[in-house]
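J.: All the letters of the sequence shown, read from the start, carry residue numbers 3 to 235 under this note's numbering. C-beta: ideal position from N, C-alpha, C; glycine also. All of these numbers come straight from a predicted model, not from anything done at the bench.
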Amino acid sequence: MLKVEGINVYYGAIHAIKDISFEVNRGEIVTLIGANGAGKTTTLQTISGLLRSRTGSITFQGHNISNVRADKLVAQGLAQVPEGRRVFLQMSVQENLEMGAYTQSPAGVPKDLEMVFELFPRLKERRNQVAGTLSGGEQQMLAMGRALMSHPQLLMLDEPSMGLAPLLVEQIFEIIQNLNKQGSTILLVEQNAQMALSVAHRGYVLETGKIVTTGTGEELICSPEIKKAYLGG
Ligand code: ATP
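#1: Between 174, 128, 189, 113, which lies nearest to residue 24 when the distance is taken from Cα to Cα?
#2: Starting from the Cα of residue 87, find the closest Cα among 98, 66, 3 and give me that residue.
#3: Can you round the beta-carbon distance between residue 152 and residue 106 to whole angstroms, since I take them to be within the 8 Å contact cut?
#4: For residue 206, count neighbouring Cβ atoms within 10 angstroms of its own Cβ and tell me buried if that reaches 16, exposed if not.
#5: Kindly indicate the opening and closing residues of the beta strand (DSSP E) around residue 218.
#6: Is any heavy atom in ligand 1 found nearer than 8 Å to the beta carbon of residue 201?
#7: Closer than 8 Å is the cut-off here; do at least three beta carbon pairs connect the segment 177 to 187 with the segment 108 to 120?
#8: Once the 5 residues before and after residue 27 are set aside, which same chain residues still bring their CB inside 7 Å of it?
#9: Can you confirm whether residue 211, when its beta carbon is compared against all beta carbons of chain D, has any partner nearer than 9 Å?
#10: Please give the ranges of any alpha helix (DSSP H) in the segment 99 to 176, keeping only runs that are unbroken, at least 4 residues long and fully inside the region.
#11: Going by C-alpha to C-alpha distance, which of 222, 169, 191, 77 sits closest to residue 162?
#12: What residues match up with residue 203 in a beta bridge as DSSP calls it?
#13: If we ignore side chains and look at the alpha-carbon of each, how far apart do residue 74 and residue 104 end up?
#14: Around the C-beta of residue 232, are 16 or more other C-beta atoms found within 10 angstroms, so that it is buried, or is it exposed?
#15: DSSP beta-bridge partners for residue 32?
#16: Cutting at 6 Å between CB atoms, please list the residues of its own chain near residue 194, excluding the five before and the five after it.
#17: Use the C-beta contact count for residue 33: other C-beta atoms within 10 angstroms, 16 or more gives buried, fewer gives exposed.
#18: For residue 154 and residue 14, I'd like the C-alpha separation in whole angstroms.
#19: When DSSP labels each residue in this structure, what does residue 227 get in the three-state scheme?
#20: Let's test the definition: count the other Cβ atoms within 10 Å of the Cβ of residue 140 and tell me whether it reaches 16, buried, or not, exposed.
#21: For ligand 1, is there a heavy atom less than 8 Å away from the beta-carbon of residue 44?
#22: Sorry if obvious, but does the Cβ on residue 85 come closer than 8 Å to a heavy atom of ligand 1?
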């Protein structure tokens with residue numbers, strides 16, 4: 003579904019992404035794990051059209067999307083939940099969700115709202131609450147719900163566990179697994195390697211802008227090197 007081949011991304015003179023290639027197949031949860039600054043967010047932002055690669059290609063559902071703008075990609079079925087949620091703080095929960103549906107026909111929005119409220123009952127209870135007053139976990143749910151309003155073929159999540167209490171992290175990962183079981187393909191960027199590898203079909207390990215290891219979630223979680231470097235021994 004998504005094929006990234008030989009991308010190189012720079013911030014001025016800083017070479018942040020060094021010849022990265024990987025793919026995500028329909029129906030998979032694929033995770034990119036790595037330490038702070040490894041290049042995970044840069045990779046996602048390059049796929050979603052917010053940054054440009056100097057080389058290589060990015061193919062999504064058979065189309066080259068290397069030079070397609072972010073807003074056009076949403077209409078093509080690619081949605082990103084950014085790091086730090088970035089919900090519209092002054093708007094209500096429902097208004098945030100409606101913003102996520104900007105590529106959809108208005109007639110379908112009430113049904114899609116119900117679909118999101120079924121997944122996240124907490125959001126339904128708070129549909130009229132201003133998003134800025136939601137807890138961190140609720141904001142993460144809202145950011146995910148907003149992305150789902152665009153009917154994505156591929157959902158990209160940037161550090162959904164960031165700043166959340168352990169119980170909430172488990173809830174968010176359960177929801178990610180449920181979404182996948184219902185047919186969503188997911189590319190998951192995480193520093194919480196343990197959780198990410200426990201739900202992912204496959205994973206790639208990024209170190210200073212390069213992919214250094216790949217394998218199934220199970221292989222990576224059992225690998226002594228990965229255990230030592232990313233799973234606390
Ligand atoms: P984290 O888990 O801490 O979010 P990450 O793996 O997502 O890290 P990136 O945010 O992609 O890492 O950063 C990769 C590298 O690019 C880092 O060395 C970072 O300092 C650098 N970088 C990121 N954004 C910029 C920017 N706007 N200008 C200059 N350098 C940047």
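T.: According to the data block:
#1: Answer by Cα proximity: 189.
#2: Looking at the Cα atoms, 98 is the closest of the given residues.
#3: Indeed, because the Cβ distance is near 7 Å, the residues count as touching under 8 Å.
#4: Around the beta-carbon of residue 206, 16 or more other beta-carbon atoms lie within 10 Å, marking it buried.
#5: Where residue 218 is concerned, the enclosing beta strand (DSSP E) stretches over 212 to 218.
#6: Residue 201 Cβ: outside cutoff for every heavy atom of ligand 1.
#7: For the pair of segments examined, the segment 177 to 187 was found not to touch the segment 108 to 120: the number of CB pairs separated by less than 8 Å stays below three.
#8: Beyond the five residues adjoining it in sequence on each side, residue 27 comes within less than 7 Å, by CB distance, of 3 in the same chain, given in chain order.
#9: Judged by its chain identifiers, the structure shown contains no chain D, having just a single protein chain.
#10: Those alpha helix (DSSP H) runs which fall completely within the segment 99 to 176 and span 4+ residues are 111 to 121, 123 to 127, 138 to 150.
#11: Distance check between residue 162 and each of 222, 169, 191, 77 places 191 closest, using alpha-carbon atoms only.
#12: Its beta-bridge partners do not exist; DSSP assigns none.
#13: Between residue 74 and residue 104, the C-alpha separation is close to 11 Å.
#14: Classification of residue 232: buried, given that the 10 Å Cβ count is 16 or more.
#15: Bridge partners of residue 32: 189, 204.
#16: Answer for residue 194: 163, listed in chain order.
#17: Its Cβ being crowded by 16 or more others within 10 Å, residue 33 is buried.
#18: Looking at the two C-alpha atoms, the distance is approximately 32 Å.
#19: DSSP, read as helix, strand or coil, puts residue 227 in helix.
#20: Buried: at least 16 other Cβ atoms inside 10 Å.
#21: Proximity of the beta carbon of residue 44 to ligand 1 is indicated: a heavy atom of the ligand is located closer than 8 Å.
#22: Correct: residue 85 has its Cβ closer than 8 Å to ligand 1.
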